[in-house]
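What follows is a set of notes on a single structure, which appears directly below.
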Amino acid sequence: MKRWGLPCSLAFVVFLIAAKGYCSPTFEAGLSGHSAEKGHTFQIYVVIHSTEPLKNVQVSVMEPEGFYAQALASSGVAVGGSESGAAHNTARIEHLGRNSSITAAFKVWAPGLDGNPSKGKKESLYSTREPKLFPINVLYSSQFAEGYETGAYTTQVTIRYTTSIGHYLVAGLLGIVLGFVAKMATQYKNEIAEAVKAKGTVLEKTGMFFFQSLVVRLPLLLTLLIIGFGVLIFLAKDSLPVTSWDQAVALGLGTGLLGDEQLITKIKKLAG
């Protein structure tokens, strides 16, 4: 009897698990893009797989400050949970059959170009320095032999929050101009210094400095701006390489300082 005691006990436990157990549903959360730009939208997807019937499934997305998530109604998916009423950030699935899958989608609005949220009043500056975190909570009831049992699951997705492509390009080009001025003032400091010294007032000296740095060398500046614009576009082919306009200025500044004047001159000759 002792020889059979342990196996019988194990068999009994296995029987209980088989009678009551089931394969837990699985949940996969994903995003429609790599980053969230100011004034743009993106989507969050939550895919539910289950080998056993589910009912009263509620998927809720919690929004960071300034963001607004709206559940999207579709076949088998309604907006609003049974307990939270018509909550905009909750998707409800009344029933999911055995060996079935379904996707709950949410459209998310980032703060606009002016920093204001799409819904409600502005409460902060909504910094772009850190990625934005979206916790996702799922409540459901699973069916097994004795009936239904409630369950819960939580996960999260993060996304880079960046400035807009327009702000990025304008700030980047401004940085290129500043870098070009600094480089010209260094390379032609004697020539520019002589021209500035000939002027009397501070205003006249300042005007002559920018005239010598920009206007006199305008063809070089325009060529560098064209090349720099292409570099900025190339760097943003997948997502913006910076998160804020000041970082874009710094990126452009480096491009303007590192621009090779001899290379630009060669490109102008080839183009001519």
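Heads up: the sequence shown is residues 4 to 275, going by the working numbering.
Just so it is clear, CB atoms sit at the ideal spot from N, CA and C, and this is done for glycine as well.
Residue nearest to residue i in terms of C-alpha spacing, selected from the options
i	options	result
residue 133	226, 100, 165	165
residue 78	211, 108, 223	108
residue 249	186, 207, 179	179
residue 245	171, 83, 215, 123	171
residue 101	57, 124, 110	57
residue 232	106, 259, 213, 215	259
residue 129	59, 40, 216	40
residue 241	29, 35, 28	35
residue 68	105, 138, 80	138
residue 243	214, 168, 210, 223	168
residue 188	223, 66, 213, 37	213
residue 76	106, 33, 124	106
residue 95	131, 64, 124, 111	64
According to DSSP, residues forming a beta bridge with residue i
i	result
residue 103	53
residue 112	44, 71
residue 58	98, 144
residue 163	38
residue 29	52
residue 139	64, 158
residue 150	147
residue 77	80
residue 93	63
Within-8 Å CB hit, residue i to chain B
i	result
residue 43	No chain B appears in this structure, which consists of one protein chain only.
Residue i versus residue j: straight-line alpha-carbon distance, rounded
i	j	result
residue 74	residue 126	23 Å
residue 113	residue 135	10 Å
residue 162	residue 173	24 Å
residue 254	residue 151	57 Å
residue 190	residue 184	10 Å
residue 44	residue 146	37 Å
residue 47	residue 55	25 Å
residue 97	residue 141	13 Å
residue 92	residue 205	59 Å
residue 118	residue 195	41 Å
residue 103	residue 236	43 Å
residue 261	residue 120	38 Å
residue 155	residue 143	6 Å
residue 193	residue 252	28 Å
residue 225	residue 218	10 Å
residue 159	residue 42	23 Å
residue 115	residue 70	10 Å
residue 80	residue 239	35 Å
residue 229	residue 60	54 Å
residue 33	residue 149	34 Å
residue 28	residue 99	11 Å
residue 203	residue 227	32 Å
residue 234	residue 157	41 Å
residue 66	residue 38	15 Å
residue 153	residue 110	27 Å
residue 197	residue 210	14 Å
residue 53	residue 123	37 Å
residue 222	residue 201	25 Å
Contact belief for residue i with residue j at Cβ below 8 Å, rounded distance in angstroms
i	j	result
residue 62	residue 31	The Cβ separation is near 12 Å, so there is no contact.
residue 181	residue 256	5 Å
residue 186	residue 199	Wrong, their Cβ atoms sit about 17 Å apart, outside the cutoff.
residue 131	residue 247	5 Å
residue 83	residue 72	The pair is not a contact, with the Cβ atoms about 13 Å apart (cut-off 8 Å).
Segments of 4+ residues assigned as alpha helix (DSSP H) that fall wholly inside the stretch 162-197: Secondary structure in the stretch 162-197: the alpha helix (DSSP H) runs of 4 residues or longer, each lying completely within the stretch, are 168-190 in chain order.
Enumerate, from N- to C-terminal direction, the unbroken alpha helix (DSSP H) stretches of 4 or more residues contained entirely within the stretch 228-267. The stretch 228-267 contains, as complete alpha helix (DSSP H) runs of 4+ residues, the segments 248-261 (chain order).
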